[in-house]
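Residue numbers (my numbering), protein chains in the order written: chain B, 418 to 643; chain C, -6 to 246.
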Amino acid sequence: MLSPADLQALWLTLELAGLTTLILLLGGTPLAWWLAHRRGRLAALLESVLALPLVLPPTVLGFYLLLLFSPRQGPGHWWQALTGHTLAFSFFGILIASVIYSLPFVLQPLVTGFRQQGVHYLHAAATLGATPWQRLWSVALPMNRPHFIMATSLGFAHTLGEFGVVLMVGGSIPGVTRVLSVALFEHVEAGEMIQAHVLAGLLLGGALGVMFVVNSFRRRGAHAVL
Amino acid sequence: MARIVLLLALGCAAAVNAAEPLRIAVAGSFQPAMQRLVPIFERSTGTRVQWQVGSSGALYQHIRMGAGFDLFLSADRKRPQGLEHDGFAMPGSRETYALGRLVWWQPGRRQSSAPDLSQFTGRLAMANPRLAPYGAAAEAVIAHLGGRAALSREPALAPNIAQAYQFVASGNAAAGLLALAQLKAFHVDDGVWMVPVEWYPRICQQSVVLKSPRASLAARFQRFLTSAATRKTIRDLGYAVPGDGQKRTADGC
C-alpha cells in the first residue's frame, strides 16, 4: 500500500514527533513549573510569548525561521561556521521548528496541572522530611500524571500533523525533511489521489488513536476523583 | 423556432450576467503580469475582472469542484488539457499565452557561463518537479549539466517557484533554478544566467475558457492576451511568447 518513499516519510515523521515530544517534556517540565509558581508581569508576558504558536499562522513562523536560519547573519551564520551546514533543509532545522511549533501544546497542560496542584502537598511532604528531589519525583510528577499524558499526546499528535512550517524551511528532502504531511500535500497537488487517501487515512487514524488514548485517561481520571 | 427560443434564452442569460465580473483563476507565477494587464483590459472593455491567485494544481482541483471561474490561466499545459478532456472547458479553447524561461540564479556569481555542478558545493533550490512545470524544467537542466549525482547536496524542493525564490533570496540556498519573470519582478539581475531553452522541456503556460455563461467574455480576455501590445508586455516581464523563434504546435506550444 505504501510506496518506499512514503514509508520513509512515515518513519521520519515518527522520529521527528518522538524527538520533539521528548525535548519538550524535558525542557517544558521545569519551564512549566517555573511559570506555574512565578507571579508578576515578566512571567505573564513570557507565558503569552510561549503560547504564540497556538495562534500564529505557521507561515509566519516559517517565514521568521527562514530568516533566522539564513547563513548570512545571526544564529544561521554561527551554525554554518560551526557545522558547515545550513539549518534550513536539515532534520535539525525542522526539529527546531517542531519544538517551537508544538511547545504550547506540551507546556499548557503542564502549567495547568502544576497550578491546580498548588504547593500544599509539597509543603506537607517537606515537613515530613522529603528532599526537593523526592518532592518532585514522589509527589509533583505522579500527581500530575494525567497532565503529562495529555502533554505528551498533544505534543506528539500536533507534530505529526505539522505542515506549513516544515514546508517552508524543509525543502522536501527524502529521508531528511519530507515528512508525512508534506508527502500528502505533494500527492494531492500531483493528483495522486490513491496515495493521498492512504496517507490522509494514516494521519487521521493516528490522530484519532492519540485523542482516544487521551480521553480514556481523562475519563478514568474523572472516575477516580469521583 | 427552437433556435430562436434558445437565442432568446441565451440573450437573457447574457443580460443577467452582464454586470457580473469576469472571474479568472490565475497561476501564482503570473500574478505580476496580471497586475499590469487587468487594468488595461478593464479600461478598454468596461468589464470588471475578478481574479484569484493559487497554484495551478489547487486551482485545477477547485475548477473541477465547480468553483465558478470563467477562464483559467494555468502555469502549465497539462491541466488545461485535463479540463478540456474531461469536459470542464470549451473544446479547442486552449491557448499558449506565455512560455516560461528558466534562469540559474546564484547571487554573487559572475553570470557569463553555465554553472559547473561539480564545483557547486552549496544548496540548490528549485520547484518540485512533480508539482510545477518550472521544477520539471529545472530537473531537465540538472540532467543536462551532469545529473543529480553531480550535486554534492540534495536540492531543496519548494512546492512552487515563489517559495524556491524565497529559499535563495533569504540566503538559505546558494543558488536556484527559477523563472526569469520572478527575477524581473524583483528587479534582480546580479548572478542571473539564462538557461538555453533547448536544455529543458518547453514551459507552455496555457489559458483555457471554462464552461460558463460568460465564456464569450472569457474568450475576449484570451484574445486580449495574444494581442500585439499584450505580447510585448508579457515578453518584457520575462517570458517568451508563441512565435518567438520556437516551433509550435496547434495550441501555440
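Backbone N, C-alpha and C fix where the C-beta goes; we use that ideal spot for every residue, glycine too. Treat the numbers as computed from the prediction; the structure is a model and nothing was measured.
B:Val536 counts as exposed, since fewer than 16 other beta carbons sit within 10 angstroms of its beta carbon. Here the alpha carbons of C:Trp98 and C:Ala131 stand approximately 12 Å from one another. Pairwise C-beta distances place the stretch 436 to 455 of chain B in contact with the stretch 564 to 575 of chain B, as three or more of them are shorter than 8 Å.
Look at C:Ser163 here: in three-state DSSP terms it is coil, with no helix or strand label. Listed along the chain, the chain B residues whose CB falls inside 9 Å of the CB of C:Pro152 are Leu584, Ser589, Val599, Phe602, Glu603, Glu606. Distance check between C:Gly85 and each of C:Phe217, C:Lys204, C:Thr223 places C:Lys204 closest, using alpha-carbon atoms only. DSSP assignment within the stretch 547 to 625 of chain B yields the following whole alpha helix (DSSP H) runs of 4 residues or more, N-terminal first: 562 to 577, 581 to 587, 597 to 606. Proximity of C:Glu147 to chain B, defined by a Cβ-Cβ separation below 9 Å, is satisfied. At a beta-carbon threshold of 7 Å, the residues of chain B lying near C:Gly164 are Ser487, Pro488, Arg489, ordered along the chain. A straight-line Cα-Cα distance of about 35 Å links C:Ala68 and B:Ala434.
By the 16-neighbour rule on beta-carbons within 10 angstroms, B:Arg552 is buried. Under the three-state reduction of DSSP output, B:Val536 falls in the coil class, being neither helix nor strand.
Neighbours of C:Leu52 across chain B, judged by C-beta separation under 7 Å, do not exist; the nearest C-beta is about 11 Å away. If one requires a minimum length of 4 residues, the alpha helix (DSSP H) runs lying completely within the stretch 44 to 83 of chain C are 49 to 57, 71 to 78, in chain order. As summarised for the stretch 93 to 168 of chain C, the continuous beta strand (DSSP E) elements at least 3 residues long and confined to that stretch are 95 to 98, 117 to 120, 149 to 151, given in chain order. Across the set B:Leu597, B:Arg636, B:Ala461, B:Ser487, the C-alpha of B:Leu597 shows the shortest separation from the C-alpha of B:Trp428.
Following the DSSP letters along the chain, one finds B:Ser465 inside the alpha helix (DSSP H) bounded by residues 458 to 472. According to DSSP, residue pairing for C:Arg16 in a beta bridge involves C:Gln43.
Residues of the stretch 506 to 522 of chain B that bring their beta carbon within less than 7 Å of a beta carbon in chain C comprise Phe506, in sequence order. B:Val593 has a beta carbon lying within less than 9 Å of a beta carbon in chain C. Looking at the backbone, the Cα of C:Gly139 and that of C:Asp183 are separated by about 25 Å. Remark: C-beta atoms of C:Phe34 and C:Leu52 do not approach each other more closely than 9 Å.
Here C:Met27 carries a helix assignment [DSSP, helix/strand/coil]. Of all residues in the stretch 472 to 484 of chain B, only Leu483, Leu484 place a beta-carbon less than 7 Å from a beta-carbon of chain C.
The criterion of a C-beta distance shorter than 9 Å is not satisfied by C:Gln45 and C:Phe23. For B:Thr503, the neighbours in chain C by C-beta distance under 7 Å run, in chain order, Arg116, Asn165.
Think of a sphere of 9 Å around the beta carbon of C:Gln159: the chain B residues whose beta carbon falls inside it are Phe480, Leu483, Met585, in chain order. Look at C:Leu171 here: in three-state DSSP terms it is strand. In chain order, Pro526, Leu527, Thr529, Gly530 place their CB closer than 7 Å to the CB of B:His564, counting only its own chain and leaving out the 5 sequence neighbours on each side.
Under a 10 Å Cβ-count criterion, B:Asn632 is classified as exposed, with fewer than 16 other Cβ atoms of the shown protein chains found around its own Cβ. Secondary structure note for B:Trp496: its alpha helix (DSSP H) is the uninterrupted segment 491 to 500. Annotated three-state conformation of C:Ala243 is coil, per DSSP. By the 16-neighbour rule on beta-carbons within 10 angstroms, C:Gly101 is exposed. DSSP places C:Thr89 within a strand segment (E or B) once states are collapsed to three.
Contact between the stretch 113 to 124 of chain C and the stretch 598 to 615 of chain B is established, with three or more Cβ pairs separated by less than 8 Å.
Residue-level contact by beta carbon holds for B:Gly493 and chain C, with a gap shorter than 9 Å.
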